[in-house]
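Trainee: Structure in structure tokens, see below.
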Amino acid sequence: MSSLPETREPVGEPLAWTPDEMMAVAAARALEDGKICFVGIGVPSTAANLARRLHAPGLVLVYESGTLGTRPDFLPLSIGDGILADTATAVVGVVETFNYWLQPGRIDIGCLAGAHLDRYANINTTVIGNSYDAPRVRLPGAGGAPEIAASCREVLIVMRQSPRAFVERVDFVTSLGYGEGGDDRARHGLTGAGPKAVITDLGILEPEPGTRELVLTHLHPGVTLEEARAATGWELRTAPEVETTAPPSAEEIRILRELEQTRAGAA
Amino acid sequence: MSSLPETREPVGEPLAWTPDEMMAVAAARALEDGKICFVGIGVPSTAANLARRLHAPGLVLVYESGTLGTRPDFLPLSIGDGILADTATAVVGVVETFNYWLQPGRIDIGCLAGAHLDRYANINTTVIGNSYDAPRVRLPGAGGAPEIAASCREVLIVMRQSPRAFVERVDFVTSLGYGEGGDDRARHGLTGAGPKAVITDLGILEPEPGTRELVLTHLHPGVTLEEARAATGWELRTAPEVETTAPPSAEEIRILRELEQTRAGAA
Amino acid sequence: MTDAATATATVVPLAEAISELVQDGDSVALEGFTHLIPFAAAHELIRQGRRELTLIRMTPDLIYDQMIGMGCARKLVFSWGGNPGVGSLHRFRDAVEHGWPAPLELEEHSHAGMANRYAAGASGLPFAVLRGYAGSDLLARTETIRTIECPFTGEQLAAVSAINPDVTVIHAQQADREGNVQLWGIPGVQKEALLAARRSLVTVEELVDTLEPRPGAVVLPAWAIDYVSVAPGGSHPSYTHGYSERDNDFYVAWDAISRDRDTFARWMETHVLAA
Amino acid sequence: MTDAATATATVVPLAEAISELVQDGDSVALEGFTHLIPFAAAHELIRQGRRELTLIRMTPDLIYDQMIGMGCARKLVFSWGGNPGVGSLHRFRDAVEHGWPAPLELEEHSHAGMANRYAAGASGLPFAVLRGYAGSDLLARTETIRTIECPFTGEQLAAVSAINPDVTVIHAQQADREGNVQLWGIPGVQKEALLAARRSLVTVEELVDTLEPRPGAVVLPAWAIDYVSVAPGGSHPSYTHGYSERDNDFYVAWDAISRDRDTFARWMETHVLAA
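Now the structure itself:
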């Protein structure tokens, strides 16, 4: 859905891998083999294709361009690159993709990027500022996200953590996470369970049982709780136990970098 | 929609052609070149394929099996024979056929057969008898007819004339003709103009301007007004001038018979 | 509508698939619009003695004439019940007109209505909207047809409830080892009927190592299918484009076979039960 | 939705087709989902100086960024307005954020909503039903999204009004002499957008004597199309499956070209107006 992150310098002491690489690896790990995954463009697409090359060769990738079960041998720049059609089990129209494949709940997990996110995992990709008609920043818009967030059995959100992007309350709810928290999703009659995790360049946030507020459950190696809090626009709470994400293995990094190099015409 | 008529013996003095042949020829003549025709099985299919071989090589045939612009080189027995797919411009699913092609009014003329017909050209292909639950005769049902009769720009009905089949009021309105007559179609919000003619083995009936009651406008050669009246279950009225249908030309009969011989496995 | 997506379908013998999938009282759709009618699966259902089924099909055709005559059905959901190009379905008529071998409840639609009901079912929607049944007595007869008002224009349109069969069975040309299915020729409503079902079976002419892309082919991913069974010639007397021709002579001959109860019973005994 | 069906489409030069079909103030959909985006037709519209257009597209992409920047548009109906895989559409943002070169009215949907609006338009229905916009602020922002109750279950669902553009333009690989069109690769929403339109144009890479049936091909009969124009490379910088590759470098380069108003104007002058 969103633009590619520009590569950011390693934070803290020099590491063998960048925070963006850690984010992609952590997201890939969250995608189980044999599941059906609706893939947004950007980091989600990187993570899903990385997962297929690591622990999840049977991960089924579905892109909103109607390419079902596609197996691209390089990273597509857009959700509609030809390689996605050439390597798909089936290619269908956009109407069918959303009506027959996404809407009925056939998709196990939707993998999304967001522009702005709030403490209840609601996503804003529409406007920044308090006026829709005169926005401070006009974002691209919804794309497939509202229905991906609503209809997939569960959702994985992958995006960089910063106080600008992780806000107390989004200016515009484009795609519903947990709404006002608690059972608010049910009120909207949603079939899907909602975001199971938000994977960032600093750690992993997960909805707290009951309140559904996003709380910190993992910190990536070399990242401190203070850094994570400083990068969050709300009073970030932590799970009873905050674990440290396993660092990327040499293989994860090697395959990720090979993959990144294959992205045609990447900026 | 309906079953094939068993061949009937020539009526009146021996003719070079049967009443059924005259019916098929008259129906074929009513199909203009370059029009898009939604074709029901049975005599309509015979007439449409005859027209393509005579004056209307550019007649576009659409069958409810989703075969658009099909050009079968022999008469199909069913609306789904393989020959229809092999010779079509495009083959689409049944949902698309009805929703994208028939429903919006893209079809110029729908060619239907009926089991029972009333004076306002309403068709019954459902049940005979006054109880739906305990019918005297259970007919096949609606098929595509209700929407063909509703959505085509105009409709042509082809069926044998008899007091049993041409009734004052059908026991069950499966497909709407002119309802109660007059502007009744408009009351149902129909886009199509309705039946422009009913072509039988005895002559041609057309809706009278205003009342939309079917009146006799043509008698086929050798058929008398009395025979037509005797074969009609209501007080059949005639147009100011009743014309005599031009007899089938030698070419029309030759091509029709060639065509009939090609029907695979016909009874 | 399958509850848990798995990335592959299970390839099993037809008899096993049928006994796994279909219980007495289930609603089953054996689809195929003239082409690819899954007769082999229907014959297996008859042999396994399934009862009280709600049979769903746009065109009951010979396949349901046989199942109705053999007493498998409690109810029929359909839109055109004739012998295409030949005449009546005599077992269907006998059940409706004389309750033999058992009374048959009818839920009757038009083709457009049935097609849209499958599409709604495949889309996870409770209903579909169409311009249909205008002025038809079906509107009053059939509980699953209602009217709905456009929230933008106020126009009245027809609404039909979704169909979500307990089990859908279709026949196709090929499946690969993972259970991905490819069919071509007239596609009918099979994709919708399959995707609308809670459980599904696809019988195929053959298993192949890879599905060769073909013009006009519909490919159904394995993860949308529960079972695949190999049933060569499983669509006879209908046909499988590229594998067999429609047996039009049999459709004509069925008129005489099915007209008489005993003749029908003997034919079924010889050609289905004893087979 | 074409008023009078004729069995063939008229093959004319692009400039003639555009001036015949598109008037100032029309609603136009130039569709193509990443693949087959009809840039040549858009450039012709820009050269002919069309104004006050309502531009309809799921993904405005560079094609509408250019038309908006050149002042062709009064309103945009869309669902995702970014440069795929790159970032912002700067001309689109400049119009929305600063009203340059003119204010741009927005009618904003999700992809699912837009796709269903085209499908309703193609089906001759005034609206479509979907499970969409749940909890999204779009529901309150967008007048063409409402809720509707299922007449069978009472469930609340989203309804979106149909889109019936005055003109739809799509790009395809081939047309034959009668104007039958064949496209393959990612099919997007082009069939629905074309069938929903009052008037239509298909630009093609080439005219051929016969359309060779191909796997995954969508064939559009000539009688559903008004005009066909030959425009080789007409989808650049997007692509035409089997004819060209997506020019990803150009999509990346567009970010810098379009960021600055003058740089943009110069680029358009050189590459479109003077072309």
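Protein chains in written order, with this note's numbering: chain W, 1 to 267; chain D, 268 to 534; chain A, 535 to 809; chain B, 810 to 1084. Note that CB positions come from ideal geometry on N, CA and C, so glycine has one too.
Closer than 8 Å by beta-carbon distance: list the chain D residues that pair up with F661/A, in chain order.
Mentor: Those within 8 Å of F661/A in chain D number zero; the least Cβ separation is about 15 Å.
Trainee: Name, please, each residue of chain D whose Cβ falls closer than 9 Å to the Cβ of K872/A.
Mentor: There is no way to answer for residue 872/A, as the model of chain A reaches only from 535 to 809.
Trainee: In three-state DSSP terms, what is K35/W?
Mentor: coil
Trainee: At the level of alpha carbons, what is the spacing between E265/D and A513/D?
Mentor: Shown here, chain D extends from 268 to 534; a query on residue 265/D therefore has no answer.
Trainee: Could you check where the beta strand (DSSP E) with D710/A kicks off and where it finishes?
Mentor: V701 to D710
Trainee: Is the beta carbon of D710/A sitting closer than 8 Å to the one on T744/A?
Mentor: In this structure, D710/A lies near T744/A, with their beta-carbon atoms less than 8 Å apart.
Trainee: Mark P912/B as exposed unless 16 or more other C-beta atoms lie within 10 angstroms of its C-beta, in which case mark it buried.
Mentor: By the 10 Å Cβ count, P912/B comes out exposed.
Trainee: What three-state label does DSSP hand A149/W in the structure shown?
Mentor: helix
Trainee: Just by C-beta distance, which residues in the region 831-844 of chain B are closer than 7 Å to chain W?
Mentor: F842, T843 and H844
Trainee: Opposite I109/W in the DSSP bridges: which residues?
Mentor: Beta-bridge pairing links I109/W to C37/W and E154/W.
Trainee: With 8 Å as the limit, tell me which residues of the region 748-766 of chain A have their beta carbon closer than that to any beta carbon of chain B; keep them in chain order.
Mentor: R748, P749, G750 and A751
Trainee: For the beta strand (DSSP E) containing H485/D, list its first residue and its last residue.
Mentor: Its beta strand (DSSP E) spans residues L481 to L486.
Trainee: Between A539/A and chain W, is any beta-carbon pair separated by less than 8 Å?
Mentor: Because the pLDDT of A539/A is 48, which lies under 50, any placement of that residue in the model is unreliable, and the number read from its coordinates should be weighed accordingly. Yes, A539/A lies at the interface with chain W (some Cβ there is under 8 Å from its Cβ).
Trainee: Output yes if chain D places a C-beta closer than 8 Å to the C-beta of L1004/B; else output no.
Mentor: Interface criterion met: the Cβ of L1004/B is under 8 Å from a Cβ in chain D.
Trainee: Please report the straight-line C-alpha distance between Y330/D and T676/A, rounded to a whole angstrom.
Mentor: 26 Å
Trainee: Measure the C-alpha to C-alpha separation of P272/D and E414/D and round it to an integer number of angstroms.
Mentor: Caution applies to P272/D, whose pLDDT of 43 falls short of 50 and renders its modelled position unreliable; the model cannot decide the point.
Trainee: If you draw a straight line from the C-alpha of S270/D to the C-alpha of A283/D, how long is it?
Mentor: Low confidence applies to S270/D: its pLDDT is 40, below 50, so where it sits in the model is not reliable, and the reading given next is rough at best. Between S270/D and A283/D, the C-alpha separation is close to 25 Å.
Trainee: I'd like to know if L317/D contacts chain B, where contact means its C-beta is closer than 8 Å to some C-beta of that chain.
Mentor: no
Trainee: Quickly, what does DSSP pair G203/W with across the bridge? List them, please.
Mentor: L219/W
Trainee: Please compile the residues from chain D whose C-beta is within a distance smaller than 8 Å of the C-beta of L610/A.
Mentor: What L610/A touches in chain D: nothing, since even the nearest Cβ is about 10 Å away.
Trainee: How would you write the range of the beta strand (DSSP E) that A1065/B sits in, first residue to last?
Mentor: Segment N1057 to R1068 is the alpha helix (DSSP H) holding A1065/B; no beta strand (DSSP E) there.
Trainee: Taking only the alpha-carbon atoms, compute the straight-line gap between P163/W and R229/W and give it to the nearest angstrom.
Mentor: 9 Å
Trainee: Which class does P430/D belong to by DSSP, given the choice of helix, strand or coil?
Mentor: Residue state, collapsed to three classes: coil.
Trainee: Between V359/D and L335/D, how many whole angstroms is the CB-CB distance? I'm expecting something under 8 Å.
Mentor: 7 Å
Trainee: Pick out whichever of D385/D, S345/D and A318/D has its Cα sitting closest to the Cα of F433/D.
Mentor: D385/D
Trainee: Here's a check: name, in chain order, each residue in its chain whose Cβ is nearer than 8 Å to the Cβ of E252/W, leaving out the five neighbours to either side.
Mentor: V25, A28, L50 and L54
Trainee: Shortest alpha-carbon distance to I855/B belongs to which of A924/B, V998/B, H844/B and Q875/B?
Mentor: Q875/B
Trainee: Determine, using beta carbons only, whether L496/A comes closer than 8 Å to chain B.
Mentor: One cannot answer for residue 496/A here, as it falls past the ends of chain A, which runs 535 to 809.
Trainee: Just to confirm, is the Cβ distance from M159/W to G114/W under 8 Å?
Mentor: yes
Trainee: I'd like to know whether the C-beta atoms of A662/A and T702/A end up nearer to each other than 8 Å.
Mentor: no
Trainee: Any residues in the region 367-394 of chain D with a beta carbon nearer than 7 Å to a beta carbon of chain A? Which ones, in chain order?
Mentor: Q370
Trainee: To the nearest angstrom, how far is the alpha carbon of L1016/B from that of G1025/B?
Mentor: If I take the Cα positions, the gap works out to 19 Å.
Trainee: At the level of alpha carbons, what is the spacing between V223/W and C959/B?
Mentor: 51 Å
Trainee: For the putative contact between V310/D and M289/D, defined by C-beta atoms under 8 Å, what is the C-beta separation to the nearest angstrom?
Mentor: Incorrect: roughly 12 Å between the Cβ atoms, too far for contact.
Trainee: Measuring straight from C-alpha to C-alpha, what distance separates A543/A and S734/A?
Mentor: 10 Å
Trainee: Below 6 Å CB to CB, which residues in the same chain sit around F38/W once its five sequence neighbours on both sides are set aside?
Mentor: V62, I107, G110, I148 and C152
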